[in-house]
Amino acid sequence: MPQTSPFASELTWPVYDEKVRHGATPILIPIGSMEQHGHHMPLHVDVLLPTEFARRAALEVGGLVAPPFTYGYKSHQKSGGGNHLPGTTSLDGATLVAALRDVIKEFARHGVRKICLVNGHFENSWFIVEGIDIALRELRWDGIEDMKIVVLSYWDFVDKDTIARLYPNGFPGWDLEHGGVLETSLMLALYPELVNLKAAVDIDPATFPPYDVYPVKPEWTPASGTLSSPKEATAEKGEILLKVCSAGIAGALKAEFGQ
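The sequence shown lines up with residues 1005 to 1263 when you count with the working numbering.
Right, dumping it as structure tokens:
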């Protein structure tokens, strides 16, 4: 493998060691999930997208991309269709927190002092924060107090003007964008061979009552598994999203890490 790869796992250990031992090189960790994304996209959408955004950001700021977390927290019915759907394979919150804590501490042991967690699965959010909090606390016990960690989800960089361009007929909201225009457009731009738009199910945005029930009621989730229609997705929209989100992520890392 080339020694100039932005992927940490593709480097030899001496090259990796030289890059990170002094703490100047940021490590970007994509955090995704194995989750159904409708009839038209594969189960690893939430891994592919944050990994690509991390790769682009790493090239921009001189960072390295760590191997992604390929399993995430349980799919919530109102934002991912629900953990009951076939293919969705999830972790307990405590498992995800513990794994994140361990990985952060390991990178700190290598000399890393700048980490960015690039989230691609909505339900991971609070468990990421908990993993960071525990890791930083335990690192302080070991005398490491100069670690800085940035957490971001790529969709948060989509501004109102871009939303208006992408959704001329109205924006359903990020919670209902599971398998919809945003993710499908990005996949069409990046991995068109993995998208079968002809198989996509055109539905109205899902509606839910203002409360949750457990065990979940499967009939609340649209049969497609998506929570809004992907039919208006295009590769051109994906290119717009790539540009906006990539610029936003790189700008955030430059601001926080001084790259």
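Yeah, the Cβ is synthetic: ideal placement off N, Cα and C, and Gly gets one too.
| Item | Value |
| --- | --- |
| If you run the structure through DSSP and keep just helix, strand and coil, what is F1212? | coil |
| At the level of alpha carbons, what is the spacing between K1258 and G1076? | 27 Å |
| What residue does the beta strand (DSSP E) around L1121 start on, and which one ends it? | 1118–1123 |
| Taking V1065 as the reference, give the member of N1123, T1029, L1053 with the closest Cα. | T1029 |
| Locate the beta strand (DSSP E) running through S1157, then write down its first and last residues. | 1152–1157 |
| Note down, in chain order, each residue of its chain lying with its Cβ closer than 6 Å to the Cβ of L1190, except the 5 sequence neighbours on either side. | L1053, G1242, L1245 |
| Just list the residues that DSSP pairs T1188 with in beta bridges. | For T1188, which the question treats as bridged, DSSP gives no partner whatsoever. |
| Which same chain residues end up closer than 8 Å to L1068 when comparing Cβ atoms and leaving out the 5 residues on each side of it in sequence? | P1010, F1011, A1012, L1015, Y1020, K1023, V1024, T1029, P1030, I1031, L1032, A1062 |
| Near H1182, which residues of its chain fall below 7 Å by C-beta distance, leaving aside the five closest residues on each side in sequence? | S1083, G1084, G1085, T1230, L1231 |
| Classify Q1007: buried if its beta carbon has 16 or more other beta carbons within 10 angstroms, exposed otherwise. | Note that Q1007 has pLDDT 49, beneath the 50 cutoff, so the model's placement of it is unreliable and no number is given. |
| Identify every residue that forms a DSSP beta bridge with F1126. | In the DSSP output, where bridge partners are listed per residue, F1126 has none listed. |
| Out of curiosity, what's the CA-to-CA distance linking P1219 and Q1081? | 11 Å |
| For R1274, does the count of other Cβ atoms within 10 angstroms reach 16, so buried, or fall short, so exposed? | For the chain, the structure presents residues 1005 to 1263; residue 1274 sits outside this window and is missing. |
| Determine the closest residue to N1200 out of P1214, G1027, H1041, H1026, with distance taken between C-alpha atoms. | H1041 |
| Which same chain residues end up closer than 6 Å to M1005 when comparing Cβ atoms and leaving out the 5 residues on each side of it in sequence? | Interpretation of M1005 is limited by its pLDDT of 40, a score under 50 that renders its predicted location unreliable; the figure taken from the coordinates is listed afterwards. Excluding sequence neighbours, M1005 sits near E1014. |
| Decide if A1098 is buried, meaning its Cβ has at least 16 other Cβ atoms within 10 Å, or exposed. | exposed |
| Look at the Cβ atom of V1154, then the Cβ atom of E1056, and state whether they are nearer than 8 Å. | no |
| Using the three-state DSSP reduction, which class does V1024 fall into: helix, strand or coil? | helix |
| Taking only the alpha-carbon atoms, compute the straight-line gap between A1256 and A1203 and give it to the nearest angstrom. | 37 Å |
| Would you please verify whether the beta carbon of L1180 is less than 8 Å from any beta carbon of chain C? | Although the question refers to chain C, the structure presented lacks it and comprises just one protein chain. |
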